[in-house]
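Remarks on the structure that follows.
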Amino acid sequence: MKIKPEQLDATLKRQLAPVYLLSGDEPLQLNEAADAVRCAALGRGYENRELFYAESGFDWNRLLESGGSFSLFGELRVLDLRLPGKPDKDGAQALLRYAQHLPDDAVLVVSLPKLSAAEQKAAWFQTLESKGVFVQIWPLEGARLIEWLDRRMAGRNLLADRSGLAILAARVEGNLLAAAQEVEKLHILYGEGRIEDEQIRKAVADSARYDVYDLAEAAMLGQLPRAQRILQGLKAEGVASPVVLWALARDVRTLAGVLNLTAGGESQESAYAKLRIWDKQKSALSKALQRLDRRDVENALLACARADRIIKGQAVGEAWSALLDICTLLTGKAPLSRFVAAALA
Numbered sequence: 009m010k011i012k013p014e015q016l017d018a019t020l021k022r023q024l025a026p027v028y029l030l031s032g033d034e035p036l037q038l039n040e041a042a043d044a045v046r047c048a049a050l051g052r053g054y055e056n057r058e059l060f061y062a063e064s065g066f067d068w069n070r071l072l073e074s075g076g077s078f079s080l081f082g083e084l085r086v087l088d089l090r091l092p093g094k095p096d097k098d099g100a101q102a103l104l105r106y107a108q109h110l111p112d113d114a115v116l117v118v119s120l121p122k123l124s125a126a127e128q129k130a131a132w133f134q135t136l137e138s139k140g141v142f143v144q145i146w147p148l149e150g151a152r153l154i155e156w157l158d159r160r161m162a163g164r165n166l167l168a169d170r171s172g173l174a175i176l177a178a179r180v181e182g183n184l185l186a187a188a189q190e191v192e193k194l195h196i197l198y199g200e201g202r203i204e205d206e207q208i209r210k211a212v213a214d215s216a217r218y219d220v221y222d223l224a225e226a227a228m229l230g231q232l233p234r235a236q237r238i239l240q241g242l243k244a245e246g247v248a249s250p251v252v253l254w255a256l257a258r259d260v261r262t263l264a265g266v267l268n269l270t271a272g273g274e275s276q277e278s279a280y281a282k283l284r285i286w287d288k289q290k291s292a293l294s295k296a297l298q299r300l301d302r303r304d305v306e307n308a309l310l311a312c313a314r315a316d317r318i319i320k321g322q323a324v325g326e327a328w329s330a331l332l333d334i335c336t337l338l339t340g341k342a343p344l345s346r347f348v349a350a351a352l353a
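What the sequence shown shows, in the working numbering, is residues 9 to 353, in sequence order.
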């Protein structure tokens, strides 16, 4: 069965299929579709998950063995298969065999880039699709992007007129991750409820020259002078300090998550995959992880918590100095603020 991404939630509520094929070149939609399937499966008792990266040299027998093995304890499983493109000959044969002998205790989720019409006619694909659900993901533009933004905002209990959504769409078209981040920023700035066109226009204008994500990237790369310049620019343009803190804290929490997973034996690449980290972020994160240890990251988390209290008026200090302290810690330098130094002692 072939469906659109916006139909997936309703389909999952009705029943759980044994196979989900998720194909497209838009990473955010692809990842969120996979998350939706896994969440629905978890709600139906599929508590175990096995992750497979079918890169060059992948042993396809691993997938077949997992599909053919039954748990002694009746545990239900999600088999999460990531493909970098169409499968090779061995992969195509393995997927065809899997489709011909579907296990009763597993759901297979296959995530892969866009497939051409010819590639969708392959036996492995046709057989899997006939046994499950195929979600074809296309880039969003025009009216479809506006509809997506409307649903995204509704998910954060935000409401905007179509004219306001059009303003936002013009800013983010071609970059769905940026669209999701702009919606999150609106929620941080204005809370739940109706968002007026002028509020959207101002929030979009705040990012016209300096970007909070550029700030986080500079800090993660260890570029303190650049981070200082961007932070000064954000302040001069009137960007709200909670938005800046959100971007920095997000990356600090990601660092902590990677460290926790690698401490448990995961490889760094595997940790990135589990945390759904984009390729664009990996370089900065990897450089930060070469420079920072667990204590450094814990200190940065404490600095984020302190900045949050200052912004909310619950602690003494200046918000922008507290934000600079976070950047300074992430670059591997000593914190500038004596308040942070005392807090981290």
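Glycine included, C-beta positions come from ideal geometry on N, C-alpha and C.
Residue span of the alpha helix (DSSP H) that contains residue i, given as start and end
| i | result |
| --- | --- |
| D88 | First-last for D88: 85-90, but that is the beta strand (DSSP E), not the alpha helix (DSSP H). |
| L50 | 35-51 |
| V27 | First-last for V27: 27-32, but that is the beta strand (DSSP E), not the alpha helix (DSSP H). |
| K341 | Looking at the DSSP string, K341 is not in any alpha helix (DSSP H), and its letter there is neither H nor E. |
| A186 | 184-198 |
| V180 | 170-180 |
| A244 | 232-244 |
| W254 | 249-271 |
| G75 | 69-76 |
| M228 | 220-228 |
| I319 | 302-319 |
| V295 | The residue asked about is misnamed: residue 295 is Lys in this sequence, not Val. Element bounds for K295: 287-299. |
| R284 | Element bounds for R284: n/a, residue is neither H nor E. |
| L24 | Taken as a continuous stretch (DSSP letters only), L24 belongs to no alpha helix (DSSP H), as it is neither H nor E. |
Spatial neighbours of residue i in its chain, beta-carbon cut-off 6 angstroms, leaving aside the 5 residues before and after
| i | result |
| --- | --- |
| W156 | L148 |
| L84 | G53, Y54, D113 |
| A216 | Bear in mind that a pLDDT of 41 at A216, under 50, signals an unreliable position, so the number given afterwards is only what the model happens to contain. Excluding residues within five positions, none has a Cβ falling inside 6 angstroms. |
| W146 | none |
| A279 | V266, L269, T270 |
| P111 | G75 |
| V118 | L29, L89 |
| R346 | Legend: pLDDT at R346 = 45, less than 50; position of this residue unreliable, value from coordinates given subsequently. Answer for R346: no residue qualifies. |
Cβ distance (whole Å) where residue i is taken to contact residue j below 8 angstroms
| i | j | result |
| --- | --- | --- |
| K288 | L269 | In fact, because the Cβ distance is near 20 angstroms, the residues do not count as touching under 8 angstroms. |
| L1 | G75 | Within the shown structure, residues of the chain are numbered from 9 to 353, placing residue 1 beyond reach of any answer. |
| L174 | I203 | Rather than Leu, the amino acid found at residue 174 in this sequence is Ala. The pair is not a contact, with the Cβ atoms about 13 angstroms apart (cut-off 8 angstroms). |
| A102 | L72 | 6 angstroms |
| L194 | A211 | 6 angstroms |
| V143 | P13 | 6 angstroms |
| A41 | L16 | 6 angstroms |
| M161 | A151 | The Cβ separation is near 16 angstroms, so there is no contact. |
| L104 | A62 | Between A62 and L104 the Cβ distance is about 14 angstroms, and since that is not below 8 angstroms, they are no contact. |
| G340 | L309 | Their Cβ separation, rounded to whole angstroms, is 16 angstroms, which puts G340 and L309 out of contact at 8 angstroms. |
| L184 | L59 | About 24 angstroms; that fails the 8 angstroms criterion. |
| L166 | E200 | 7 angstroms |
| V251 | I196 | 6 angstroms |
| V305 | A264 | 5 angstroms |
Cβ neighbours of residue i in the same chain (closer than 8 angstroms, five flanking residues each side left out)
| i | result |
| --- | --- |
| G140 | M9, A25, P26, V27, Y28, L29, L116 |
| L303 | Residue identity differs from the one stated: residue 303 is Arg in this sequence, not Leu. Once the five neighbours on either side are set aside, R303 has no close Cβ partner at all. |
| A255 | V220, Y221, L223, A224 |
| D205 | A168, D169, S171, G172, I175 |
Beta-carbon contacts of residue i that lie in its chain and below 7 angstroms, excluding the five residues immediately before and after
| i | result |
| --- | --- |
| K94 | L123, E127 |
| S249 | I319, A327, W328, L331 |
| Q2 | Here the chain comprises residues numbered 9 to 353, so residue 2 is not present and cannot be evaluated. |
| M228 | D259, A292, L293, K295, A296, L338 |
| A315 | L253, A327, A330, L331, I334 |
| D214 | At D214, the pLDDT of 48 sits below 50, so the modelled position is not reliable; the number obtained from the coordinates is stated separately. Correct list, in chain order: E245, G246, V247. |
| R22 | none |
Continuous beta strand (DSSP E) stretch holding residue i: start and end
| i | result |
| --- | --- |
| R164 | Note, R164: premise wrong, no beta strand (DSSP E); not H, not E. |
| N56 | 56-61 |
| R202 | 201-203 |
Chain D contact for residue i (CB, 7 angstroms cutoff)
| i | result |
| --- | --- |
| Q289 | Judged by its chain identifiers, the structure shown contains no chain D, having just a single protein chain. |
Any 3 or more C-beta pairs closer than 8 angstroms across the stretch 325-338 and the stretch 264-275 = no
Every unbroken beta strand (DSSP E) inside the stretch 78-152 [3 residues or more] | If we require 3 residues or more, the beta strand (DSSP E) runs fully inside the stretch 78-152 come out as 85-90, 114-120, 141-145.
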